[in-house]
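Numbering (the numbering used here), first residue to last: 65 to 738.
So this is what it looks like as structure tokens:
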């Protein structure tokens, strides 16, 4: 298997199906194979108990324990007991026999639900070498619960030290399964730490000790959460600062970061994610729920691609960007808050890792087809159907454009284009189906009822199918987003002057920085890249002062503008709601409920044509964007977060987005995203 267009990957890099040869051998013999990975050369191996004792005996925790005891009026012994309880609930207990149990189970499941799992061998070999030379941080993207299982499975298969993995604490509460995960390398952390000084100190010291000692590779998701939209999420910086600190303080010579891009033909949780976006509460993680979900074993989820990126040296990346001398001014064991320079460097590194993850993902035929289908009117998809031949032609046109933009496509080599399209539709029969040469959208299952279905219920059934389609489109948005923002800027400004287009481009990047990933401080480079890509596909002519549309460029620009139209319509709807709402103060929960009600009403009436306005992620991203632009202020920190609206600022933002007033680059309010 080879990736179409290897731009950004090593020349002639091959992806190997790791399930192919293993289907011929017993699962038991695989699980009990010899596993003796080369050790980390710098430090001697230690046990889990020894690791925990080092954490408890650290001067840093002793200092924090005394501080907390003074602040709370408790005794040092009481605070230390609390530290022991926190560490006991948090820490992993990696044991080889449980790794073998997981290998046996996971292998059976993977062979049943996936046609193939492709891995780039050059990346695996580079990781194997890096794991012997410096502390390694594995940083996969997070789209499914399968993510951390597949990384450990691959490392076990190729005799590479198994990682300890940062996992959400709800998983620890799963009977039996939680303990198996703990003994397979998972350590469990709260999703919201807030101002809990003691918990933060225990977690940070635990992570730093793992990095300092080289106990095992450390794996965490820099996005923080599983993406419900299958888009990349803005990175969280807390763990990033923790793994950088041993290097910044000179406790280790270097730290190696390994971005990992995991791509799915079909995601196991596709329906669950769509329902969550529509406000349906996420099911609590439980062993019972896991057993009920066993029906996924009867489905086919196509192929998975795991692309191990080139190992990155933190020492080399930070050279010239960071002055580490500040860490020599106070003892290493004392708490030290990162200064602005360190925070900026950590943010830059985290955003760069997410961008590398995006560039390493493989775009499937289904993702391109979803882009095409979402630009078809709703009535055509649900009632008339789209001609299969028309879908094929438009998808092949989009494939060429994606290749021009540098995408990596997982397009099967040995099948004709028509066979690829047919097999892709068959794989995603839960979303679309083909009948009499036409393609239709599948509505959600309709339960038996005595009364006719209401318009609201019908709309929600339709919304589930559309949001599933949207999620797969989102998998390839990173390929098109920069040229699309330039195409949108050309539409908004009606100008050809580079400086005006750049100003509008920067405004759009700031507004949509929760929707798409942009490395801080690189707006000019992103603009130049967008110009270069549109010029490459002959959509525009670029000069020193102007960017003009070519005779053949209208189709490309129109497609790119339509690609972002759902975001524009959703944002404008929420701007309109905030400007017309009588109350200027509201909670996040009140905002989400009111906006979803308004969007549903407008969709039913035919005034609004995008179902993405119903998505809770888009709604929250609008709030974050307006906070960053200073149009919304959080005036009270509580469980529901209370906000105050500056209606004139919101209206002005909407006017700039609509082109009624010239867009301007707004000074954003800092958002550390810890």
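All C-beta atoms in this analysis are idealised placements derived from N, C-alpha and C, irrespective of residue type, glycine included.
Exercise for review: Compute the beta-carbon to beta-carbon distance between residue 460 and residue 450, rounded to the nearest angstrom, for a pair I have assumed lies under 8 Å.
Suggested key: The Cβ separation is near 15 Å, so there is no contact.
Review point. If you scan the stretch 139-205 from start to end, which runs of the beta strand (DSSP E) of 3 or more residues do you find wholly inside it?
Key: 180-184, 200-204
Exercise for review: Could you spell out the range, first to last residue, of the beta strand (DSSP E) harbouring residue 651?
Suggested key: Per DSSP, the continuous beta strand (DSSP E) segment holding residue 651 begins and ends at 649-651.
Check your understanding: Within this structure, are the beta carbons of residue 477 and residue 296 separated by less than 7 Å?
Key -> no
Check your understanding: In three-state DSSP terms, what is residue 399?
Key -> The answer is coil: DSSP assigns residue 399 none of H, G, I, E or B.
Review point. From residue 363 to residue 118, what does the alpha carbon distance come to, in whole angstroms?
Key: One C-alpha to the other measures close to 46 Å.
Practice item. Could you check what DSSP says for residue 266 in three-state terms: helix, strand or coil? Key: helix
**Study point:** Member of 264, 664, 217, 315 whose CA lies at the smallest distance from the CA of residue 278
**Key:** Among 264, 664, 217, 315, the Cα nearest to that of residue 278 is on 315.
Practice item. Return helix, strand or coil for residue 256, following the three-state DSSP convention. Key: coil
Practice item. Whole angstroms is fine: what's the gap from residue 18's alpha carbon to residue 330's? Key: Given that the chain is displayed from residue 65 to residue 738, the structure contains no residue 18 and the question cannot be resolved.
Check your understanding: Along the chain, where does the alpha helix (DSSP H) that runs through residue 563 open and close?
Key -> 562-575
Exercise for review: Identify every residue that forms a DSSP beta bridge with residue 476.
Suggested key: Paired residue(s): none; residue 476 is not in a bridge.
Review point. CB-CB under 7 Å to residue 578, same chain, minus the five flanking residues each way: which ones, in chain order?
Key: Residues of the same chain with a CB within less than 7 Å of the CB of residue 578, apart from the 5 flanking positions on each side, are 298, 685, 688, 689 in chain order.
Review point. If you run the structure through DSSP and keep just helix, strand and coil, what is residue 739?
Key: Absent from the structure is residue 739, since the part of the chain shown begins at 65 and ends at 738.
Review point. Given a threshold of 16 other Cβ atoms within 10 Å of its Cβ, counted over all protein chains shown, does residue 340 qualify as buried or as exposed?
Key: Looking at its Cβ environment, which holds 16 or more other Cβ atoms inside 10 Å, residue 340 is buried.
Point to revise | Contacting residues, own chain, Cβ-Cβ under 8 Å from residue 597 (five flanking each side not counted) | key: Hits under 8 Å: 468, 469, 470, 546, 547.
Review point. Any idea what DSSP makes of residue 578, helix, strand or coil?
Key: Looking at residue 578 - three-state DSSP - the assignment turns out to be coil, as it is neither helix nor strand.
Practice item. Flag this pair as touching only if the stretch 220-228 and the stretch 268-284 have three or more C-beta atom pairs under 8 Å; answer yes or no. Key: yes
Check your understanding: Where do the N-terminal and C-terminal ends of the alpha helix (DSSP H) with residue 409 fall, by residue?
Key -> Boundaries of the alpha helix (DSSP H) around residue 409: 404-424.
Practice item. Enumerate in chain order the residues of its own chain whose CB-to-CB distance from residue 756 is below 8 Å, with the five nearest sequence positions on each side excluded. Key: Not covered by the structure: residue 756. The range shown for the chain is 65 to 738.
Point to revise | Residue(s) in a DSSP beta bridge with residue 327 | key: 369
Exercise for review: Consult DSSP for residue 79 and reduce its assignment to one of helix, strand or coil.
Suggested key: strand
Review point. Can you give the Cα-Cα distance for residue 101 and residue 584, rounded to whole angstroms?
Key: 38 Å
Review point. Hey, would you say residue 325 sits closer than 7 Å to residue 371, going by beta carbons?
Key: Taking 7 Å as the Cβ cut-off, residue 325 and residue 371 qualify as a contacting pair.
Practice item. Please work out which residues of its chain come closer than 8 Å, Cβ to Cβ, to residue 479, disregarding the five sequence neighbours upstream and downstream, and give them in chain order. Key: 487
Exercise for review: Buried or exposed for residue 84, please, with buried defined as at least 16 other CB atoms from any protein chain shown within 10 angstroms of its CB.
Suggested key: exposed
**Study point:** Residues near residue 567 in its chain [Cβ-Cβ closer than 7 Å; skip 5 each side]
**Key:** 727, 728, 729
Point to revise | Alpha carbon of residue 614 to alpha carbon of residue 538, nearest angstrom | key: 28 Å
Check your understanding: Which first and last residues belong to the beta strand (DSSP E) in which residue 742 is found?
Key -> Look at the range of the chain in this structure, 65 to 738, and you will see that residue 742 is not part of it.
**Study point:** Contact check, residue 307 vs residue 418, beta carbons under 7 Å
**Key:** no
Review point. From residue 333 to residue 656, what distance separates their C-alpha atoms?
Key: Straight-line Cα distance between these residues: approximately 23 Å.
Check your understanding: Should residue 134 be labelled buried (16 or more other beta-carbon atoms within 10 Å of its own) or exposed?
Key -> exposed
Point to revise | Beta-carbon spacing of residue 434, residue 533 below 7 Å | key: yes
Review point. Mind pulling the alpha helix (DSSP H) runs of 4 or more residues that sit fully within the stretch 202-233?
Key: 210-221
Check your understanding: With a Cβ-Cβ cutoff of 7 Å, do residue 342 and residue 527 count as a contact?
Key -> yes
Review point. Apart from the five residues just before and just after residue 234, which ones in its own chain have a Cβ nearer than 6 Å to its Cβ?
Key: Within the same chain, residue 234 has close Cβ partners 349.
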